[in-house]
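Residue numbers (my numbering): 2 to 275.
Glycine is no exception: its CB is placed at the ideal position from the N, C-alpha and C atoms.
These notes concern the structure reproduced below.
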């Protein structure tokens with residue numbers, strides 16, 4: 002990486018996951034990571050786990066001491082934090098924001114100037130470094146910054162670059178997606194229990210089935226419906242189960258869930274600019 006230091010403003014669950022991922026994967030050493038959080042307990046915990054630098058009394062100090070900033074605070078305090086650090090952002094220091102739902106125009110308005118910016122949408126599997134993150138860059142983002150941002154975001158999973166206008170749809174799909182998957186998993190587990198399986202066995206069977214099915218789609222490159230057909234024997238058990246899912250309009254319901262979450266994400270993003 003071209004950068005020498007990364008500064009984290011906010012070290013909550015997602016920020017901590019990124020810090021741990023960066024150190025664990027050897028992307029950057031702990032000695033080159035700075036962090037500040039309003040919670041002393043949070044800072045003490047991340048210091049104990051990773052040995053990153055936490056000897057800062059403010060966000061301003063972190064910005065001054067770092068080459069690239071990772072904004073990882075809650076949306077409701079973002080405006081206050083940006084006002085605090087605006088004076089030390091020179092228009093050149095890049096920022097990666099993992100604050101959900103906040104458009105890039107809000108940062109420029111709050112700070113009073115443009116600067117290299119990456120707006121990201123990770124999802125909760127990032128907490129175990131198995132997430133997926135979509136990232137959009139503004140026009141000031143250099144090729145070097147983009148490469149560094151992808152490396153940093155790669156600490157928590159796979160990374161895909163998109164146009165900012167697609168981030169609401171990303172939020173509706175992969176951002177909210179884990180909740181949809183958990184819902185399906187829970188339903189399958191309950192189905193197994195209903196048919197007489199012990200709950201711990203049903204859980205193990207479902208989790209391995211979901212993991213294995215995902216890998217099969219990834220590694221074969223085949224369309225999910227092609228793989229579905231391979232499981233579905235004429236007159237067999239699977240086709241009867243699939244008919245119930247079709248009667249319940251599962252595929253259409255999932256698609257509408259993505260649509261509803263996307264629409265809500267757009268409304269929330271627009272509210273930041275009002």
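With three or more CB-CB distances shorter than 8 Å, the region 54 to 70 counts as touching the region 30 to 45. Its Cα nearest to that of residue 116, the residue 93 stands out among 93, 264, 274 and 98. Fully enclosed alpha helix (DSSP H) runs of no fewer than 4 residues occupy 144 to 154 and 168 to 171 of the region 133 to 171, in order along the chain.
Beta-bridge pairing by DSSP links residue 69 to 7.
Below 8 Å, enough C-beta pairs join the region 67 to 83 and the region 93 to 108 to call them touching: three or more. In terms of CA proximity to residue 183, 125 leads the group 119, 47 and 125.
In terms of CA proximity to residue 169, 271 leads the group 271, 212 and 191. If you draw a straight line from the Cα of residue 249 to the Cα of residue 224, it is about 22 Å long. In this structure, DSSP gives residue 198 a state outside helix and strand, which the three-state scheme calls coil. Per DSSP, residue 118 lies in no alpha helix (DSSP H) segment; the continuous beta strand (DSSP E) that holds it begins and ends at 118 to 122. Secondary structure of residue 264 (DSSP, three-state): helix. Around the Cβ of residue 235, a 10 Å sphere holds fewer than 16 other Cβ atoms; the residue is exposed. Taking all protein chains in view, the Cβ of residue 254 is surrounded by fewer than 16 other Cβ atoms within 10 Å, so the residue is classified as exposed.
Counting along the chain, the unbroken alpha helix (DSSP H) around residue 14 starts and ends at 14 to 25.
In this structure the region 157 to 176 touches the region 134 to 142; the number of beta carbon pairs closer than 8 Å is three or more.
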